Ligand SMILES: *Cc1c(COP(=O)(O)O)cnc(C)c1O
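And the structure:
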């Protein structure tokens, strides 16, 4: 399996979106979403130059990580049950899917026990979809200081999954509101947040135009997933 052409074409589209919005392409990180993909596919992506991978299930990730080259970086992007928090802290360099204060408390406790500090992103359910996890924007603003008080968690920014639509222009306002919410959070914290993780295969160019620093690409890179992977 040679994924070089796919990686090149995605990188060209990232560069074009950056030049449209007068951004430095180095300010956008490409994550390969490898949920539902085999270790062979991960290796093919790594051979094509990808170093950062996203997984949505702890159990699937822990098996896969053990079968992949050790130099790769792994981040959690799926909903995390608190009984998986300890493994998540162990296996991932960052958890992008902190979707409640109680999960943040649990991650903090596990990180403390492992003598670690855990970088996290806070997931926002911007469109209020009942099928998605994440903080409501007003709830995030209300609970941000409490999360920030957790000593073994480092807030690196926000993450969102935009509603699915065949016309990605439709979700541009969601991305714009996310950028605004990040600014609001920076004001509350009195510190800059480096990451705004938004944009997937269908909408990453629009997300970049609106300030994304990290795009999470699955199907545009690997093709359709062999088996369905839960979020
Ligand atoms: C599956 C998934 C992606 C990748 O989706 P594609 O449309 O295949 O690019 C990105 N982010 C999250 C949180 C996901 O669960």
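Numbering (my numbering), first residue to last: 21 to 251.
Quick reminder that beta carbons are idealized off the backbone N, C-alpha and C, glycines included.
Remember, it's a predicted structure, so these values are computed and weren't measured experimentally.
Residue 38 versus residue 229 - alpha carbon distance:
For the purposes of this step, residue 38 is taken as the residue at position 18 of the chain shown. For the purposes of this step, residue 229 is taken as the residue at position 209 of the chain shown. Each residue's alpha carbon lies about 7 angstroms from the other.
Can you check DSSP and say which residues form a bridge with residue 64?
Translated into the one-based positions of the chain shown, residue 64 becomes position 44. According to DSSP, which records beta bridges pairwise, residue 64 is partnered with nothing at all.
Since I believe residue 236 is in contact with residue 220 (beta carbons under 8 angstroms), could you give me their beta-carbon distance rounded to a whole number of angstroms?
Here residue 220 is taken as the residue at index 200 of the chain shown, counted from 1. Here residue 236 is taken as the residue at index 216 of the chain shown, counted from 1. Yes, residue 220 and residue 236 are in contact; Cβ-Cβ is about 6 angstroms, under 8 angstroms.
In chain order, each beta strand (DSSP E) run of at least 3 residues that lies wholly inside the stretch 148–228:
173–180 and 215–217
Below 8 angstroms, how does it come out for the stretch 80–90 and the stretch 125–145: are there three or more Cβ pairs, yes or no?
no
I need the straight-line Cα distance from residue 143 to residue 82, nearest angstrom please.
Here residue 143 corresponds to residue number 123 of the chain shown, with the count starting at 1. Here residue 82 corresponds to residue number 62 of the chain shown, with the count starting at 1. Roughly 22 angstroms separates the two Cα atoms.
Contacts around residue 140, its chain only, beta-carbon distance under 8 angstroms, and the 5 residues preceding and following it disregarded
For the purposes of this step, residue 140 is taken as residue 120 along the chain shown, with counting starting at 1. Only 114, 115, 116, 118, 124, 127, 173, 174, 175 and 176 meet the Cβ criterion.
For residue 147, verify whether its CB is less than 7 angstroms away from any heavy atom of ligand 1.
As a position in the chain shown, residue 147 is number 127, starting the count at 1. Residue 147 Cβ: outside cutoff for every heavy atom of ligand 1.
Applying the 10 Å Cβ sphere with the 16-neighbour rule, what's the burial state of residue 151?
Residue numbering aside, residue 151 sits at position 131 when the chain shown is read from its first letter. It counts as exposed.
Just verifying my parser: in three-state terms, what is the DSSP assignment at residue 95?
In the chain shown, the residue the question calls residue 95 occupies position 75. The answer is strand: DSSP assigns residue 95 an E or B state.
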